[in-house]
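Report on the structure given below.
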Amino acid sequence: MTGASTGPIGVLEPDNRASRQQRSITGEKRLPDAQSAAFRRRSWAERSRGSRVGQSAGERLPQRARWAGQGLSAPRSGGLCEQLGRDYFGVCSEPVIKDNVVVVYEVLEEMLDNGFPLATESNILKELIKPPTILRTVVNTITGSTNVGDQLPTGQLSVVPWRRTGVKYTNNEAYFDVIEEIDAIIDKSGSTITAEIQGVIDACVKLTGMPDLTLSFMNPRLLDDVSFHPCVRFKRWESERILSFIPPDGNFRLLSYHVSAQNLVAIPVYVKHNISFRDSSSLGRFEITVGPKQTMGKTIEGVTVTSQMPKGVLNMSLTPSQGTHTFDPVTKMLSWDVGKINPQKPPNLKGTMSLQAGASKPDENPTINLQFKIQQLAISGLKVNRLDMYGEKYKPFKGIKYMTKAGKFQVRT
Amino acid sequence: MPQTGWLNQQKLIFSQLVPGSTRLRCWRVWFLMRPLSLACRWRPSCCSYLTLPMILFLILMKMIYFKLPIIKIKVWIFFLLFCNRNEDLKQMLESNKDSAKLDAMKRIVGMIAKGKNASELFPAVVKNVASKNIEIKKLVYVYLVRYAEEQQDLALLSISTFQRALKDPNQLIRASALRVLSSIRVPIIVPIMMLAIKEASADLSPYVRKNAAHAIQKLYSLDPEQKEMLIEVIEKLLKDKSTLVAGSVVMAFEEVCPDRIDLIHKNYRKLCNLLVDVEEWGQVVIIHMLTRYARTQFVSPWKEGDELEDNEKNFYESDDDQKEKTDKRKKPYTMDPDHRLLIRNTKPLLQSRNAAVVMAVAQLYWHISPKSEAGIISKSLVRLLRSNREVQYIVLQNIATMSIQRKGMFEPYLKSFYVRSTDPTMIKTLKLEILTNLANEANISTLLREFQTYVKSQDKQFAAATIQTIGRCATNIVEVTDTCLNGLVCLLSNRDEIVVAESVVVIKKLLQMQPVQHGEIIKHMAKLLDSITVPVARASILWLIGENCERVPKIAPDVLRKMAKSFTSEDDLVKLQILNLGAKLYLTNSKQTKLLTQYILNLGKYDQNYDIRDRTRFIRQLIVPNEKSGALSKYAKKIFLAQKPAPLLESPFKDRDHFQLGTLSHTLNIKATGYLELSNWPEVAPDPSVRNVEVIELAKEWTPAGKAKQENSAKKFYSESEEEEDSSDSSSDSESESGSESGEQGESGEEGDSNEDSSEDSSSEQDSESGRESGLENKRTAKRNSKAKGKSDSEDGEKENEKSKTSDSSNAESSSIEDSSSDSESESESESESESRKVTQEKEKKTKQGRTPLTKDVSLLDLDDFNPVSTPVALPTPALSPSLMADLEGLNLSTSSSVISVSTPVFVPTKTHVLLHRMSGKGLAAHYFFPRQPCIFGDKMVSIQITLNNTTDQKIENIHIGEKKLPIGLKMHVFNPIDSLEPEGSITVSMGIDFCDSTQTASFQLCTKDDCFSVNIQPPVGELLLPVAMSEKDFKKEQACLSALHLLSKPRNANRNE
């Protein structure tokens, strides 16, 4: 499943992230709401089910299943085409594309003209070519209508090309997820070599009409470097440090940011390790302990430890105090799905490695990659102050959720 | 039954295949075919693949019943499957139901996607292009774009539908029709496409106009001959102020005419201001274009010292006015407000979510902003390192190039480039490269500690790269050289051979750089020879011992002894080094090693590799004293043990900086096709007032954008140009006139509207005598005609131009252009016109003594008299006509006149050719271009204008044409010798060559007082033609004489030169 990240992490990162959203996450933080409007707790899983029909939770992308050579200029970390694929079919994989080859053709036809991008905004594309759903397929067979819109999306020509007009919802809701990732390299001795925090604010906005939202932070100075969705008014940010925008309809990434390097990054976990190869015998010792460090009282969950063992390791016989572990003797990949960390009893994986007989001991120690997440915590301390809406009369449900995850978290041994 | 005909045919085919008596055969076949016919009747209603296996199964059973051989059965199944399928699709396409058609189209698109050939369905598919159902229509479009090139004739069937769709009230349909029409690569429909593009470019919907801009590129790639007309459309679209159009039209501009930077002037400020609102991909294109623009139009904001001083040829030099080459350089630098505008307006885009936009802005800052401001891009670039690895790769490459030149920019982000074990190798090596570039005294200790971890990496290739890096750091930073050396020596005991070998190579380089006593290390390495097997490493050790053989007098002979033993089994590389070592030892320590060396030389003499045999022979002759060896052997020791220069460890990204960042060429480090060189900063800024947007024009064509015209800059321009005119044009006889004239030119240039093509024609009478580059000049003077009277009655002039433009753009008949231009001319009663005429007349008198011939005066005056006589074909503007057929018919209006009049060219290219490069001409540079004017030296001659530049700091005297080497028949009229050319001065002369209607090269010598340079001119075919206007009838008549030309489908108003 999602937790077991075995492949090259850098590449699969976005997919993991997306799939993790699918998991049911509880406990959203109540927004200090100025208008004291009603707001609702609802899990992401519920929301996603509404928006993405037929998406099987936590499916992982094969790396090659990207749509087209998006290489040079993928706007978002997932690759534009891949993202669109997910928008349209829930998942973007080879069989899905094979099944929907006609829709893919139609969409690509709208996206590119003579190799030059024509329309890449998914909202506009969805108006031109409607995503295939079971319901629509049934309706189409009965009425003979098609998935292809016959009018130019009004957004194309307006000042807000990212939003379609005439949006209507019965439940008006706006959810924001502040997700932070810690990229870190930890030394052999446990000291931090480099650590930085990268964050994103993903939004799911389902509001009727043309709402104009403003989002303000308690401590906007934390944000060192930001990149916005085109909807954000840059001038307002420059002058007041307020995010003011007319949101696109549905899911989108509002903001990605980098927390300035001056702030010391609190590393929430520690890893104790004792990996040793002996020259004489064909056995090596292996022991890892993972424990919480600075967690601000939150529990660390979804912990996964992966490590690429040296080629000389033939097999490993290990016993975990908690969770399950696997070792692939072909790829030499050890992965240990720990789960939740209990601060009283830090989980531990201990055992022996059998080494190739006769071969000298490998002179390098494996690197340990760590995955974890902490709910209801933005490790940088970023806090959303308030969210206001202008331009429409109704009162929307608002919700904000914080989460901290491990990005490229490596422990050198 | 619709199937019967087909079935009979099939039966016929099968009857030839099935053995047995005729009767039996017929029966069998009929029996066999029954399920098939059933299926055919059945399928359109079912439309599913499910039935197919069933039918096949039935057939198979029957075949087995008839005991046909298995192979045959296979063939049959395949055959049936194949025929059945397409036949079936055809029927579905012909059915009345949209759903069936849609299903068929989906299956066909599926076939295309799988790479199957669906071209035989073309006729059936094309019929559906007119379908009401938009999805079917779209799929047919997909099909058409794919197969139209193969089936050109059939594709024409669909054209009328597109033409109808182009008039559709729905903008989406108009746009997609244009898109598909322009994607169909059928050369016959080029005129239709051209017309459609022109219409669409004036469409009310910006979306359609955007698609028109896309279509321009496609048409250009299909038929580059349309370039001129397309440029007109681009020019029109560039004025569009919709953000939707801006990106696309700039893209078209970059594709079609990237060198026509003059089209940008007027739109520059608008583009800068719109930039933030343009969609992402458009932003990328516009930013790249504006970068190039800025490099040609503004002076360098970089301080003198750190400017890169390679004087490559500035490819816009022809467009730049060089008139302001006065002493402007000495003034303190102030940034042009337009330059500032660009830098300011692109800054917010660094915050874009699109990596391509951020990269584009980064390269813009790198290339055109002051160095102090470029720092802000580093933060954004580092942010991009978070995205997927393809993006990382590109960004890191660019950072690597930047970090070589300006270390400080990325130093604060040093830790962001630390390598993770999960990075792919390509990313790792790039990061390593950047870390090396950023290394300095302050951070080297941290870096070295980091490198130590990398050396232990499981990725051996990366470990080897790290060792190289350590070597580079050691040479760059003197403080740590010893530390690094020690560290590398430690690595010599590493288990991995690749690591050891790499260390040896790097140590060798380091030791070579430090001719200090390193005996210990050498001894250690000598021991390694027993264990290490990598040839490069072994060779390195041997070389090192040889070099330092006097420092290790005991070890060296022993090493040679060991090597002599294993000589035959060594690699060639090692063998060569053994020979070297032997030679060196022979020279220093011949007592101990004489025999060994002799032995090795004998072995080498009979080696299989001739390189080694050669080397052996060479060394033997050199070191072994005998009677034949000459004086050289005395110096053998000096030759072998000379001080060798230390190798320079350099970054592999060192030579990439001449490519524009963020381009494919930069990534590949090869000049890619379509790469546009970034020119160097001009030394003196070209006239900034060209970017002023005319207020009147704004009011007429757009809503006013509130860009005020800069009065003072115009004034400045005026006075400067006048001044310059006086100084440079030393031999000009009529100084006062030329002065006032240039003033006029300046003014018209500065307020000139874009309507150049129509006014350009009757022009450029003065450029020959004003000592400047002729391109821009040409236009200036041209505009004077239309513009000078614009002073008195600007409204009128404007309208006139407008009118002439529309008629001109609608059909390329030059007669109409001539008409309009002559109209405008005859209308012009203003004093400027008469004055100019007076001036030219005066000059004509002076031609005899003057150095420059006045080609164009003649033509201008001629035209004035001539035009009323010619009755050109005035045509209704077909831009409004409903279909192309009507247009083509419209062209057939016959006129009674049979005058063939020489018309002036619609467009004079500003492109100049290099006649003599300043490097080969010892400072004298010569460029020529074809002004496309009738030559005054003879009517068979082609007139050529040569611009001579003196780039030296001394006077060049007596420039004349020396010996001519012309092919038989060619004639040449030379220009009068030029007495002297001032330093930094330039002069334009004109000459005529009769090329005898061939493209033979005219070679001659361009001589100065001291030197002769042979140069040659080869005309492009197009320059040999003389534009004439003639009526349709005359053309037909002439055409009949030239039977080979009958293929030309439309009238061409060009005739041969005679």
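Line by line, the protein sequences give chains D and Z.
Numbered according to full-length UniProt numbering, the first sequence spans residues 1 to 413.
Numbered according to full-length UniProt numbering, the second sequence spans residues 1 to 1058.
We put the beta carbon where it would ideally sit given N, CA and C, even for glycine.
The model shown is predicted, which means the values in this text are computed figures rather than measured ones.
Using 10 angstroms around the beta-carbon of residue i, count the other beta-carbons present and answer buried if the total reaches 16, otherwise exposed.
{"i": "Lys799/Z", "result": "Note that Lys799/Z has pLDDT 46, beneath the 50 cutoff, so the model's placement of it is unreliable and no number is given."}
{"i": "Leu943/Z", "result": "The sequence shown places Ser at residue 943/Z, rather than the Leu named in the question. Classification for Ser943/Z: buried."}
{"i": "Asn219/D", "result": "exposed"}
{"i": "Asp1010/Z", "result": "exposed"}
{"i": "Lys955/Z", "result": "exposed"}
{"i": "Arg344/Z", "result": "exposed"}
{"i": "Cys81/D", "result": "buried"}
{"i": "Met389/D", "result": "buried"}
{"i": "Asp887/Z", "result": "At Asp887/Z the pLDDT is 42, less than 50, meaning the model places this residue with poor confidence and gives no usable figure here."}
{"i": "Phe89/D", "result": "buried"}
{"i": "Met61/Z", "result": "exposed"}
{"i": "Arg412/D", "result": "buried"}
{"i": "Ser239/D", "result": "exposed"}
Short check: CB of residue i to CB of residue j, under 8 angstroms?
{"i": "Lys456/Z", "j": "Glu364/D", "result": "yes"}
{"i": "Ile192/Z", "j": "Ile159/Z", "result": "yes"}
{"i": "Gly351/D", "j": "Asp337/D", "result": "no"}
{"i": "residue 488/D", "j": "Gly199/D", "result": "A question about residue 488/D goes unanswered here, because the residues of chain D that appear run from 1 up to 413."}
{"i": "Ala118/Z", "j": "Glu94/Z", "result": "no"}
{"i": "Lys415/Z", "j": "Thr194/D", "result": "yes"}
{"i": "Leu676/Z", "j": "Arg292/Z", "result": "yes"}
{"i": "Val361/Z", "j": "Leu342/Z", "result": "no"}
{"i": "Leu263/Z", "j": "Glu235/Z", "result": "yes"}
{"i": "Gly519/Z", "j": "Val489/Z", "result": "no"}
{"i": "Glu110/D", "j": "Leu84/D", "result": "no"}
{"i": "Val536/Z", "j": "Leu573/Z", "result": "yes"}
{"i": "His265/Z", "j": "Phe298/Z", "result": "no"}
{"i": "Asn211/Z", "j": "Arg179/Z", "result": "yes"}
Hey, could you find the ends of the alpha helix (DSSP H) residue i is sitting in?
{"i": "Lys523/Z", "result": "519 to 528"}
{"i": "His367/Z", "result": "355 to 368"}
{"i": "Ala202/Z", "result": "Counting along the chain, Ala202/Z falls outside any alpha helix (DSSP H), and DSSP gives it neither H nor E."}
{"i": "Asp614/Z", "result": "610 to 623"}
Just the Cα atoms here: how many angstroms apart are residue i and residue j?
{"i": "Asp530/Z", "j": "Lys594/Z", "result": "23 angstroms"}
{"i": "Gly921/Z", "j": "Gln1005/Z", "result": "11 angstroms"}
{"i": "Leu448/Z", "j": "Leu318/D", "result": "35 angstroms"}
{"i": "Val96/D", "j": "Leu108/D", "result": "15 angstroms"}
{"i": "Lys431/Z", "j": "Glu149/Z", "result": "47 angstroms"}
{"i": "Asn440/Z", "j": "Phe409/D", "result": "27 angstroms"}
{"i": "Glu180/D", "j": "Arg386/Z", "result": "13 angstroms"}
{"i": "Leu244/Z", "j": "Gly282/Z", "result": "8 angstroms"}
{"i": "Pro230/D", "j": "Asp203/Z", "result": "27 angstroms"}
{"i": "Lys637/Z", "j": "Thr588/Z", "result": "8 angstroms"}
For the beta strand (DSSP E) holding residue i, just list the boundary residues, first then last.
{"i": "His927/Z", "result": "924 to 929"}
{"i": "Gly399/D", "result": "397 to 412"}
{"i": "Val285/Z", "result": "First-last for Val285/Z: 280 to 297, but that is the alpha helix (DSSP H), not the beta strand (DSSP E)."}
- Stretch pair the stretch 947 to 955 of chain Z + the stretch 924 to 932 of chain Z: three plus CB contacts closer than 8 angstroms: yes
- Item | Stretch pair the stretch 632 to 640 of chain Z + the stretch 607 to 622 of chain Z: three plus CB contacts closer than 8 angstroms | yes
- Does the stretch 263 to 274 of chain D touch the stretch 233 to 243 of chain D, meaning 3 or more C-beta pairs lie closer than 8 angstroms? no
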